[in-house]
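Student: In our numbering, each residue carries its 1-based index in the sequence shown increased by 2.
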Amino acid sequence: MTNLISKQKENLSYNLQKWQQGYESQPNEYDYFINDIEGNIPEQLQGTLFRNGPGLLDVQGTPLQHPFDGDGMICAISFLPNGKVHFRNCFVRTEGYVQEQKSGKMIYRGVFGTQKPGGWINNLFDINIKNIANTNVIYWGKKLLALWEAAEPYRLDPNTLETIGIDYLDGVLNPGDSIAAHPCFDPSCELDKGQPCLVNYSIKPGLSSKITIYEFAPDGSLLRSHSHVVPGFSFIHDFAITPHYCLLLQNSVSFNPFPFLFGLKGAGECVSFHADKSSKLIIIPRTYPYEKVKILEINSGFVFHHVNAYEEGNNIYLDSICYDSLPQIQPDRHYKETDFESLDPGQIWRFKINLDQETVDKEMIASRCCEFPYINPNNVGRNYRYLFTGTAHNEQGNAPLQAILKLDLLTGKKQLHSFAPQGYVGEPIFVPKPDAISEDEGWLLVMVYDGDKHRSDIVILDGENLEKEPIATLHLKHHIPYGLHGNWTSEVFL
Ligand code: FE2
Numbered sequence: 003m004t005n006l007i008s009k010q011k012e013n014l015s016y017n018l019q020k021w022q023q024g025y026e027s028q029p030n031e032y033d034y035f036i037n038d039i040e041g042n043i044p045e046q047l048q049g050t051l052f053r054n055g056p057g058l059l060d061v062q063g064t065p066l067q068h069p070f071d072g073d074g075m076i077c078a079i080s081f082l083p084n085g086k087v088h089f090r091n092c093f094v095r096t097e098g099y100v101q102e103q104k105s106g107k108m109i110y111r112g113v114f115g116t117q118k119p120g121g122w123i124n125n126l127f128d129i130n131i132k133n134i135a136n137t138n139v140i141y142w143g144k145k146l147l148a149l150w151e152a153a154e155p156y157r158l159d160p161n162t163l164e165t166i167g168i169d170y171l172d173g174v175l176n177p178g179d180s181i182a183a184h185p186c187f188d189p190s191c192e193l194d195k196g197q198p199c200l201v202n203y204s205i206k207p208g209l210s211s212k213i214t215i216y217e218f219a220p221d222g223s224l225l226r227s228h229s230h231v232v233p234g235f236s237f238i239h240d241f242a243i244t245p246h247y248c249l250l251l252q253n254s255v256s257f258n259p260f261p262f263l264f265g266l267k268g269a270g271e272c273v274s275f276h277a278d279k280s281s282k283l284i285i286i287p288r289t290y291p292y293e294k295v296k297i298l299e300i301n302s303g304f305v306f307h308h309v310n311a312y313e314e315g316n317n318i319y320l321d322s323i324c325y326d327s328l329p330q331i332q333p334d335r336h337y338k339e340t341d342f343e344s345l346d347p348g349q350i351w352r353f354k355i356n357l358d359q360e361t362v363d364k365e366m367i368a369s370r371c372c373e374f375p376y377i378n379p380n381n382v383g384r385n386y387r388y389l390f391t392g393t394a395h396n397e398q399g400n401a402p403l404q405a406i407l408k409l410d411l412l413t414g415k416k417q418l419h420s421f422a423p424q425g426y427v428g429e430p431i432f433v434p435k436p437d438a439i440s441e442d443e444g445w446l447l448v449m450v451y452d453g454d455k456h457r458s459d460i461v462i463l464d465g466e467n468l469e470k471e472p473i474a475t476l477h478l479k480h481h482i483p484y485g486l487h488g489n490w491t492s493e494v495f496l
């Protein structure tokens, strides 16, 4: 057994020390044209890629216990009509970030386990949460918004990335409200004569959970909202839509607040996953009167992210990344010391939901370790053929994401573009070509951390042929810590 384990370690596609360096804080804010470019930037690729993620992995020298506790830092990569590409990064000046920068010390505990120095007594009954605005960034209704699911959005200037302040979405939210960090963009909403629409949700957790669905017009105005109370505590990071339904997967978790209240653990560490119990799939109609919410038992494991959903007759298909267990940091182990091999990988499953019979069937569609799925944005909520996702270099086992996988759901054909051993990838953003006919006709924009050079690259891959050499690799002058989510807009901001 020991021989087998050491053999597996020999075959690792990654170097743990180099992977760890990608989690170094990046306290600097940059603003420059990228000159170090291999390949050619496609002429038609014009617009701005916005990305969000933790920029600081320490607060004034005190290391974070979990990267999800890091202050949000936005990157804007602008592809100009003259072929030039500009890079800019800026921290979201949240109230907590500004306070901690000014005071020179950690003032807030983190939700995912970071405790203020001084032991439990210094954290006892401190339930002040810092809005870290670090999970996603969207451009909608002429506003650039940094999102974090436990608080209000922060608005930034899309040209300069200067923080404007908390945004209540024109009165939709009240102080203290929250909205999820995973909105869905309906490319052609049936309810609005085919115009695009942004669908998002908020959750007020407790012994029961109040879920509110919001739908916004392209000018940012609220079109519809409706609330539903469902039994049980909810930890729901993402959701999926079809033209007529919102799908939220209520993971089978419980929450014990006492270790958090007593200053011993972060709130996120007080969530326990119950693998022996089914999760609940909550199906909420998007059409008036928004009634007949269905709650179906589903044996999904733990889910952070969904790939997509679509309707076919009386069936809904939902594709999700599922874990056999909640991928938490092992107790008494720093996140940088993650033992990947001991954790369950995220795998892609397809759920077929029969709305009449209220049954759910499931089938695995990719067994390899995957995270950060993305599809052609024109197919959100619709039947689709191509799925792109971050994945491990090797087909089996759990490991850092070092490759991008393209999966043809029609033929089962797979393509892989690996950046191993030195490269570590983030979420691949698919940008359709302006005159695209086929669903995969477009570019994948991927931020890749180069562990050898301790810097990050923006890599442009060909969506139709993922395996060929990158179309272009844009070398940044520095590294960007591993990020979370982002979005593309065809508007060029600089
Ligand atoms: Fe996410």
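Cβ atoms here follow ideal geometry from the backbone N, Cα and C, with glycine treated the same way.
#1: For A183, verify whether its CB is less than 8 Å away from any heavy atom of the ligand FE2.
#2: Would you mind sorting L486 into buried or exposed? The rule is 16 or more other CB atoms within 10 Å of its CB.
#3: Between the C-alpha atoms of I460 and Q359, what's the straight-line distance to the nearest angstrom?
#4: Per DSSP, what kind of secondary structure is N380 in: helix, strand or coil?
#5: Looking at C-alpha atoms only, which residue of A219, A269, L263 and N253 is the closest neighbour of G115?
#6: Take W21 and list the residues in its own chain whose beta-carbon comes closer than 7 Å to its own, dropping the five residues that flank it on each side.
#7: Give me the Cβ distance between L298 and L283, rounded to the nearest whole Å; I'm assuming they're in contact under 8 Å.
#8: Does the contact criterion of 3 or more C-beta pairs under 8 Å hold for the segment 228 to 243 versus the segment 182 to 195?
#9: Distance check for F421 and P65, CA to CA, integer angstroms please.
#10: Nearest to D71 by alpha carbon, out of A135, V100, L18 and N30?
#11: I want to check one thing, is the minimum distance from the CB of T137 to the heavy atoms of the ligand FE2 below 8 Å?
#12: Quick one: is the Cβ of D240 within less than 8 Å of any heavy atom of the ligand NAD?
#13: Where DSSP assigns a beta bridge to R53, which residues make up the other side?
#14: May I have the straight-line CA-CA distance separating L496 from T361, to the nearest angstrom?
#15: Residues bridged to N30 by DSSP?
#16: Let's see if you can read the secondary structure: which residues bound the alpha helix (DSSP H) around G20?
#17: When the Cα atoms are used, what is the spatial distance from I323 to W150?
#18: Looking only at its own chain, which residues have a Cβ that is under 7 Å from the Cβ of C272, when we skip the five neighbours before and after it?
#19: Leaving aside the five residues before and after L357 along the sequence, list all residues of the same chain whose C-beta is less than 6 Å from its C-beta, in chain order.
#20: Could you check the C-alpha separation between V174 and L224 for me, to the nearest Å?
#21: What residue does the alpha helix (DSSP H) around G98 start on, and which one ends it?
#22: Check whether the Cβ atoms of S27 and G49 sit closer than 9 Å, and answer yes or no.
#23: I'd like to know if the segment 444 to 451 and the segment 464 to 481 are in contact, where contact means that at least 3 CB-CB pairs between them fall below 8 Å.
#24: Give every residue of the same chain whose Cβ lies closer than 8 Å to the Cβ of H480, excluding the five residues on either side of it in the sequence, and list them in chain order.
#25: Should F93 be listed as close to the ligand FE2, given that the test is whether its C-beta is under 8 Å from any heavy atom?
#26: Give a single yes or no on whether L171 has its beta carbon closer than 8 Å to a heavy atom of the ligand FE2.
#27: Round the Cβ separation of F235 and L251 to the nearest angstrom and send it over; I've been treating them as touching at under 8 Å.
#28: Could you tell me whether any non-hydrogen atom of the ligand FE2 is closer than 8 Å to the CB of F432?
#29: Who are F93's beta bridge partners in DSSP?
#30: May I ask you to check if the CB of L328 is nearer than 8 Å to at least one heavy atom of the ligand FE2?
#31: Under a three-way DSSP split, which group does K408 fall into?
#32: Does DSSP put G497 in a helix, in a strand, or in coil?
#33: Please report the distance separating the alpha-carbon of Y484 from that of W142.
#34: Going by C-alpha to C-alpha distance, which of F35, P83 and I76 sits closest to N489?
#35: Give me, in chain order, the residues of the same chain whose beta-carbon lies closer than 7 Å to that of R226; leave out the 5 immediate sequence neighbours on both sides.
#36: Taking the continuous alpha helix (DSSP H) assigned at L263, which residues delimit it?
Tutor: Reading it off the structure:
#1: yes
#2: buried
#3: 47 Å
#4: helix
#5: A269
#6: Shown here for W21: same chain residues with a beta carbon closer than 7 Å to its own, the five before and five after excluded, namely P402, Y426 and G453 in chain order.
#7: 5 Å
#8: yes
#9: Going by the C-alpha atoms only, they are around 28 Å apart.
#10: By alpha-carbon distance to D71, the top candidate from A135, V100, L18 and N30 is A135.
#11: yes
#12: In the structure shown, the ligand NAD is absent; the only ligands present are the ligand FE2.
#13: C77 and G488
#14: Looking at the two C-alpha atoms, the distance is approximately 50 Å.
#15: DSSP output for N30 lists no bridge partner at all.
#16: The displayed chain sequence assigns Lys, not Gly, to residue 20. Looking at the DSSP string, the run of the alpha helix (DSSP H) that includes K20 is L18 to Q23.
#17: 20 Å
#18: Cβ within range, chain order: F257, N258, P259, P261 and F262.
#19: Excluding positions up to five away in sequence, the list reads N316.
#20: 7 Å
#21: E97 to S105
#22: It is not a contact, given that the beta carbons lie outside the stated cut-off.
#23: Here the segment 444 to 451 lies against the segment 464 to 481, with 3 or more beta-carbon pairs under 8 Å apart.
#24: Taken in chain order, the residues that qualify are Q28, N30, Y32, R457 and S458.
#25: No, since every heavy atom of the ligand FE2 falls outside the 8 Å radius drawn around the Cβ of F93.
#26: no
#27: That pair is no contact at about 14 Å.
#28: No.
#29: When DSSP reads this structure, F93 sits in a beta bridge with M75.
#30: no
#31: strand
#32: For the chain, the structure presents residues 3 to 496; residue 497 sits outside this window and is missing.
#33: If I take the Cα positions, the gap works out to 24 Å.
#34: I76
#35: Cβ within range, chain order: E217.
#36: F260 to L263
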